[in-house]
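As structure tokens, the structure follows; a few thoughts come after it.
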Amino acid sequence: MIHVVEYPKSGGTWLTQLLSDYLGIYYPRNVVPKFKRSVIHGHYEYSKAFNKTICVIRDGRDIAVSYYHHMLIGNEKIPKRITEENRKKLGFKNPEDVKTNLPEFIRYLNEDYTKRFNRHRWSDFIESYAKEEDVLLVKYEDMLADTKSVLLKCLQFLGETEIDNEKLEQTIRKYSFRNQTKREAGEENKKSFLRKGISGDWKNYFTPEAVKVFKQYSGECLLELGYESSSDWEVQQNQTGIDG
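Just so you know, my numbering puts 21 at position 34 of the sequence shown, and the rest follows in order with no gaps.
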């Protein structure tokens, strides 16, 4: 059994699809299969129950923006009633105004959301995996920049020694953002589960208040993962994300 985990909206579904397709094994989503070699994918904290785990990590600021769209704008994978319930719960005057609402949404993810639904904070999730020897950490940003290298690294970690390069390339093309959405990376569809396909999009939404709130909850984790080199990072206007 191959085990892939992520904090939600970190790219874990993408990596699971790549591994499942290349290896030709079953992907049962969030169900633990029986009697069949499979790739399982989830959002839970570290457990010794699994032999080897691949943990996909992503800049927590991009996760906050992506999660906001997922919960409050909605997409084809979320029933409309769930989006309406989330909007009612948070009570934003204009849910479409991501920039204004983001600071309070970050607080919600780290406080009420974790307590009411028994979820974990992004920083706690990362910490549970970061120092475990049987875990391979891969960054979503590296997957965007060089999908093949990251996939090869994962296959090596899983003990796959013979690589079929042609098949590998076919798998990467099949699950590319362009092929799955018929859009270029960076071309946004706010109503799609695969919304934008880039990294660095937080720069288009974070205000000084959002920076302050994010640092309060996850500033140290951001530094530990190398997403910033010092704690005095701020919003730099007119910066765009990095296309994959």
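Yeah, the Cβ is synthetic: ideal placement off N, Cα and C, and Gly gets one too.
query                                                                                                                                                            : result
Taking the alpha-carbon positions, what's the glutamine 226 to alanine 36 distance?                                                                              : Its pLDDT being 41, under 50, glutamine 226 is placed unreliably by the model, and the measurement read from it follows with that caveat. Going by the C-alpha atoms only, they are around 43 Å apart.
Does glycine 148 pass the burial test, meaning 16 or more other C-beta atoms within 10 Å, or should it be called exposed?                                        : It is worth fixing the name first, because residue 148 is threonine in this sequence and not glycine. The residue in question, threonine 148, is exposed, as its Cβ has fewer than 16 Cβ neighbours within 10 Å.
Can you give me the start and stop residues for the alpha helix (DSSP H) that valine 137 sits inside?                                                            : 134 to 144
If the criterion is Cβ atoms closer than 8 Å, does the pair isoleucine 65 and serine -3 meet it?                                                                 : no
Measure the alpha-carbon distance for valine 222 versus methionine -12 and round it to whole angstroms.                                                          : 42 Å
Assuming glutamate 119 and tyrosine 33 are in contact, meaning their beta carbons sit under 8 Å apart, how far apart are those beta carbons, in whole angstroms? : 6 Å
Within 10 Å of its beta-carbon, does isoleucine 69 have 16 or more other beta-carbons around it, so buried, or fewer, so exposed?                                : exposed
Could you check what DSSP says for leucine 59 in three-state terms: helix, strand or coil?                                                                       : helix
In the DSSP output, what is leucine 123 paired with across the bridge?                                                                                           : Ile41
If I measure Cβ to Cβ from cysteine 208 and keep anything under 8 Å in the same chain, skipping five residues before and after, which residues do I get?         : Gly47, Trp109, Ser110, Ile113, Glu114
Checking 8 Å against the spacing of the C-beta atoms, do tyrosine 55 and proline -5 come in under that value?                                                    : no
Hey, how far is the Cα of tyrosine 214 from the Cα of valine 200?                                                                                                : 17 Å
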